[in-house]
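Residue numbers (this note's numbering), protein chains in the order written: chain A, -16 to 349; chain B, -16 to 349.
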């Protein structure tokens, strides 16, 4: 039974800084998303607003509006905005205080920890609610150094990397895992960021709050847990940022900790500058592929598109162009699904064919 | 006036895990090193033991031996061992407690923070001494996100990277800065690890305790501080680990935060496996150079050797071999100094010639 939750994403739903909310509208295993708070889109259906298909997640103008329309107070209030700014301002804090006052527990994916904030803890005590800082790193004694055990994993490990932050890596990875499961394949998803964890990923760690010494070890450990507990047929690891990104090194830690056997690269063809860094141009696909392959000693086996600022025609033309230019299957999983990716994985890892569900297996083996 | 200090390095002086002590014996701007504690080498001169030349730093068998011979209690006790293990054991803790009991303030470069340890803080209170966790990261509110300001730096920035941990990157960088200063060039050193900070580096940060989100920003900030405050002619940044290292991603953060214009690569030709990871082979120089140049978009301009397990002949032969094979000046700065590196820097950055001290400048300009 999923816990009911409201997701706060004022002014940001569908935008880059609203990526936590966008992700939860699309996929949520842990929480039942009762509604989104974004007064600029109040009254709309969040699924329809994001992807053109209604999914019953209503957008509300505020906490009161949501509670009044739902007829009850959801158990959780998820702060669904991920800004670059280090700290929330007074107005943003006041909104969370109000949610607590209404009796909602707070789920916070920011690197600013509310449980270390006196005012937040005082309010939580006052209103009898809990605060969950989901991005807070485990205590040092519970963290893992890199051990090299990842070398023992004989299951294909795929990393979905990208050319920038907030570009759809997690969305592609989650969709790919679902598509593989539909084929009867036991595919595991390893989250490396707050949204994947909020969506209910069984294994993973918010890597960007870990220090360099533990980041690789924690990625390795999450994969080892999945590998040892669930014996998956394939492991799909969510990437972070970009390996070439000037500001973030999470991708390095993911590549080193996961030692992927193959890489899928997510790219927004129309993005000119890095998100949050308007002075720094995006890398080219060529240079990112070269960098990834040199750094990881693995191959990029497919390209997935983020269609921001693109018409349907442009997406289709870009797919044709990239497939010709890079000789790699190219798709937009939100528009066209994951068939090309699954097919490519069967080609690169033919042992996966044997893992397909028994319903199809006899036919395949004829 | 430097503060007096004893450096604890039991059984590890001259070894990899004793690298903090090794560094402080060789160079110390902040502390007057009164002695080293390592009972396995008691009675020897640390400079002679390490590099064949006496420097008056005596090795003692223990705290009592040191105090008795010195005739006073040094102000500071520096814990000079850097193990991979996450926490000190009881015996190691007891030694530090004893140093406190004797009245010494504790300087701790471990990622295990004594100031967050109840027993340590209780003892410190009891004995009236201070504890300094020099690797403890600044508070989140004082940390810097990457800003891109590094792009404004028009001074050459050099990174000394390596093919492994504990390979001599800092030693080469510190020696290079000293050699440049001898030429009258205002060279700045940016520390990125505990030893550089303990040695008294004016700018720097212990990068391995910083989270991915701040590591690049703090490297950038340290360089910007140096650049803006001291207007150096050249900035030399200490590397950490190795860009190819399976476990650590500090190098990624240093390359991204520093955006070096050129790279010097430190390498131990006789090391077969990564230090602390005996199952993982060392990278080849070829692959590391390719990786560094692809990742940084800068060039490796020189190779510096760590002569561990090498005879003098072997070092000389390797220098000849590498200079032929890689067409890069190659040296061992502990044996042969930094002349080749300085010469190469003048070639790559001819503007440095103008910064040479006025004593030589007129002759140069003839």
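By construction, the Cβ of each residue, glycine as well, lies at the ideal position given by its N, Cα and C atoms.
Given the structure is predicted, the values throughout are model-derived calculations rather than measurements.
If you check each beta-carbon in the region 216 to 242 of chain A against every beta-carbon of chain B, the ones closer than 7 Å belong to 229, 230, 231, 232, 233, 235, 236, 239.
Counted as a single uninterrupted DSSP element, the stretch harbouring residue 86/A is not any alpha helix (DSSP H), since DSSP gives it neither H nor E.
For the 8 Å CB-CB criterion, residue 57/B and residue 5/B do not form a contact.
Distance between residue 203/B and residue 240/B, taken at the CA atoms: about 5 Å. DSSP places residue 307/A outside any beta strand (DSSP E); the residue lies instead in the alpha helix (DSSP H), whose first and last residues are 295 to 309. Near chain B, meaning a CB-to-CB distance below 8 Å, the residues of the region 189 to 215 of chain A are 190, 191, 192, 193, 194, 195, 196, 198, 199, 200. The alpha helix (DSSP H) runs lying completely inside the region 159 to 222 of chain A and spanning 4 residues or more are 177 to 181, 195 to 213, given in chain order.
For the region 112 to 149 of chain B, the full-length beta strand (DSSP E) segments reaching 3 residues or more read 114 to 116, 140 to 145 along the chain.
The three-state reading of DSSP puts residue 285/B in strand, counting E and B together. Burial is judged here by how many other beta carbons sit within 10 angstroms of a residue's own beta carbon; residue 152/A has at least 16 and is buried. Of all residues in the region 246 to 275 of chain A, only 260, 262, 263, 273, 274 come within less than 7 Å of chain B when Cβ atoms are compared, listed by chain position.
For the pair residue 272/A and residue 309/A, the Cα-to-Cα distance works out to about 10 Å. Remark: three or more beta-carbon pairs, one from each stretch, lie closer than 8 Å, so the region 142 to 150 of chain B and the region 257 to 271 of chain B are flagged as touching. The beta carbons of residue 195/A and residue 232/B sit about 5 Å from each other, so the pair counts as a contact at 8 Å.
Nearest CB-CB separation between residue 128/A and chain B: below the 8 Å threshold. Close partners of residue 131/B in chain A (Cβ separation under 7 Å): 229, 260, 262, 263. Look at residue -10/A here: in three-state DSSP terms it is strand. A residue is called buried once 16 or more other Cβ atoms fall within 10 Å of its Cβ, and residue -7/B is buried on that count.
Closer than 8 Å to the CB of residue 97/B there is not a single CB belonging to chain A. For residue 248/B, the enclosing beta strand (DSSP E) stretches over residues 245 to 250.
Contact with chain A is absent for residue 146/B, since none of that chain's Cβ atoms lies less than 8 Å from the residue's Cβ. Inclusion of residue 316/A and residue 155/A in the CB contact set at 8 Å is warranted, their separation being smaller than that value. Within the region 277 to 296 of chain B, those residues whose Cβ lies closer than 8 Å to any Cβ of chain A are, in chain order, 277, 278.
Contact note: residue 66/A does not reach chain B at a C-beta cutoff of 9 Å; the least C-beta distance is about 11 Å. Using a 10 angstroms sphere on the CB of residue 129/A, the tally of other CB atoms reaches 16 or more, which defines it as buried. Sequence-distant partners of residue 2/B (beyond 5 residues in either direction) whose C-beta falls short of 7 Å from its own C-beta, in its chain, are 65, 149, 178. Per DSSP, residue 240/A is one residue of the alpha helix (DSSP H) stretching across 233 to 241.
From the beta-carbon of residue 94/A, the residues of chain B found nearer than 8 Å are 123, 194, 196.
Shown here for residue 127/A: same chain residues with a beta carbon closer than 8 Å to its own, the five before and five after excluded, namely 197, 200, 201, 203, 204 in chain order.
About 6 Å separates the CB atoms of residue 217/A and residue 138/A; that is less than 8 Å, so the two are in contact. The beta-carbon separation of residue 244/A and residue 140/A, rounded to 5 Å, stays under the 8 Å limit for a contact. Taken atom to atom, the span from the alpha-carbon of residue 92/A to that of residue 117/A is near 5 Å. Residue state for residue 18/B is assigned as strand, using DSSP reduced to three classes.
Approximately 13 Å separates the beta-carbon atoms of residue 249/B and residue 237/B; this is outside 8 Å, ruling out the contact.
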